[in-house]
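Visitor: Below you will find the structure I want to go over with you.
In full-length UniProt numbering, the protein residues as written are 1 to 239.
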């Protein structure tokens with residue numbers, strides 16, 4: 001755990017020095033919520049948490065999907081690959097750093113939600129369960145981002161991640177509930193759809209077991225490919 005926390009500290013300090021990284025990820029979800037979310041025809045707390053999930057998704061996809069792909073061949077990262085640290089330590093520390101920034105970037109949305117009353121439209125218990133669901137989904141999509149980051153080519157990372165990011169947000173209903181009719185299983189069994197269902201059920205005091213199972217399955221698959229991708233990069237550089 002000592003090594004994990006040290007890696008988290010290094011990543012946090014590194015990214016805090018890059019306003020171009022965190023300013024768009026703070027501003028975009030909040031702007032979308034103010035322009036679109038407040039007017040949505042759905043329970044206020046559900047819409048607020050949907051946009052918070054959108055914020056977390058962006059952090060995880062672009063910090064890991066784009067960030068890792070773009071920097072994995074930098075001198076500093078090549079040096080880190082030489083250290084006698086297991087791949088699970090690097091991957092775990094990246095997930096923890098992602099959760100830290102996800103929480104940080106969600107604060108403006110929480111402030112807006114507190115001002116317009118959406119945050120206080122549910123009781124404390126369901127609110128805490130929904131926050132837990134938000135964190136669970138953050139870990140799953142952090143694993144997805146890492147898998148993309150260690151497998152995508154650096155030049156193709158941005159367009160490919162965008163092609164995945166916005167469709168996932170739409171299918172999951174992160175901009176507001178969407179009725180897919182006969183194609184509803186696409187929502188139910190997508191990672192963002194299961195995430196949104198877990199959060200929305202948590203807000204009314206229900207545990208969505210199916211959503212948890214789906215998210216657990218995605219996490220196992222994504223973590224496997226993330227660790228495999230990390231080891232592939234490691235072996236490519238130092239075989």
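Glycine included, every Cβ here is placed at the ideal spot set by N, Cα and C.
Throw me the rounded Cβ distance for the residue 136 and residue 81 pair, which I believe falls under 8 Å.
Guide: Here residue 136 corresponds to residue number 136 of the chain shown, with the count starting at 1. Here residue 81 corresponds to residue number 81 of the chain shown, with the count starting at 1. Going by Cβ atoms, the distance from residue 136 to residue 81 rounds to 30 Å, so no, they are not a contact pair.
Visitor: In the DSSP assignment, the alpha helix (DSSP H) including residue 44 goes from what residue to what residue?
Guide: Locating residue 44 in the chain shown gives position 44, where the first residue counts as 1. Counting along the chain, the alpha helix (DSSP H) containing residue 44 begins and ends at 44-60.
Visitor: Exposed or buried, residue 159, counting other C-beta atoms within 10 Å across all chains shown (16 or more means buried)?
Guide: What you label residue 159 is simply residue 159 of the chain shown in a count that begins at 1. By the 10 Å Cβ count, residue 159 comes out exposed.
Visitor: Using three-state DSSP, classify residue 197 as helix, strand or coil.
Guide: Position 197 of the chain shown, counted from the first residue, corresponds to residue 197. Residue 197: helix per DSSP, three-state reduction.
Visitor: Is it buried or exposed, residue 151, if we count other Cβ atoms within 10 angstroms and call 16 or more buried?
Guide: Position 151 of the chain shown holds residue 151. It is buried - the Cβ of residue 151 has at least 16 other Cβ atoms within 10 Å.
Visitor: Does residue 176 come out as helix, strand or coil in the three-state DSSP assignment?
Guide: Position 176 of the chain shown, counted from the first residue, corresponds to residue 176. Note: residue 176 maps to coil in three-state DSSP.
Visitor: Classify residue 117: buried if its beta carbon has 16 or more other beta carbons within 10 angstroms, exposed otherwise.
Guide: Residue 117 sits at position 117 when you count from the first residue of the chain shown. Counting Cβ neighbours within 10 Å, residue 117 comes out exposed, since fewer than 16 surround it.
Visitor: Would residue 140 be called buried (16 or more neighbouring beta carbons within 10 Å of its own) or exposed?
Guide: The count along the chain shown starts at 1 and reaches residue 140 at position 140. Looking at its Cβ environment, which holds 16 or more other Cβ atoms inside 10 Å, residue 140 is buried.
Visitor: Considering only the beta carbon of each residue, do residue 226 and residue 85 sit closer than 7 Å?
Guide: On the chain shown, residue 226 is found 226 positions in, with the first residue counted as 1. On the chain shown, residue 85 is found 85 positions in, with the first residue counted as 1. Going by C-beta atoms, residue 226 is not nearer than 7 Å to residue 85.
Visitor: What residue does the alpha helix (DSSP H) around residue 88 start on, and which one ends it?
Guide: For the purposes of this step, residue 88 is taken as the residue at position 88 of the chain shown. Its alpha helix (DSSP H) spans residues 87-116.
Visitor: Quick test of the definition: if touching needs 3 or more C-beta pairs under 8 Å, does the stretch 113-129 touch the stretch 164-178?
Guide: No, they do not touch.
Visitor: If you run the structure through DSSP and keep just helix, strand and coil, what is residue 202?
Guide: Taking the chain shown and counting its residues from 1, the one referred to as residue 202 is at position 202. Note: residue 202 maps to helix in three-state DSSP.
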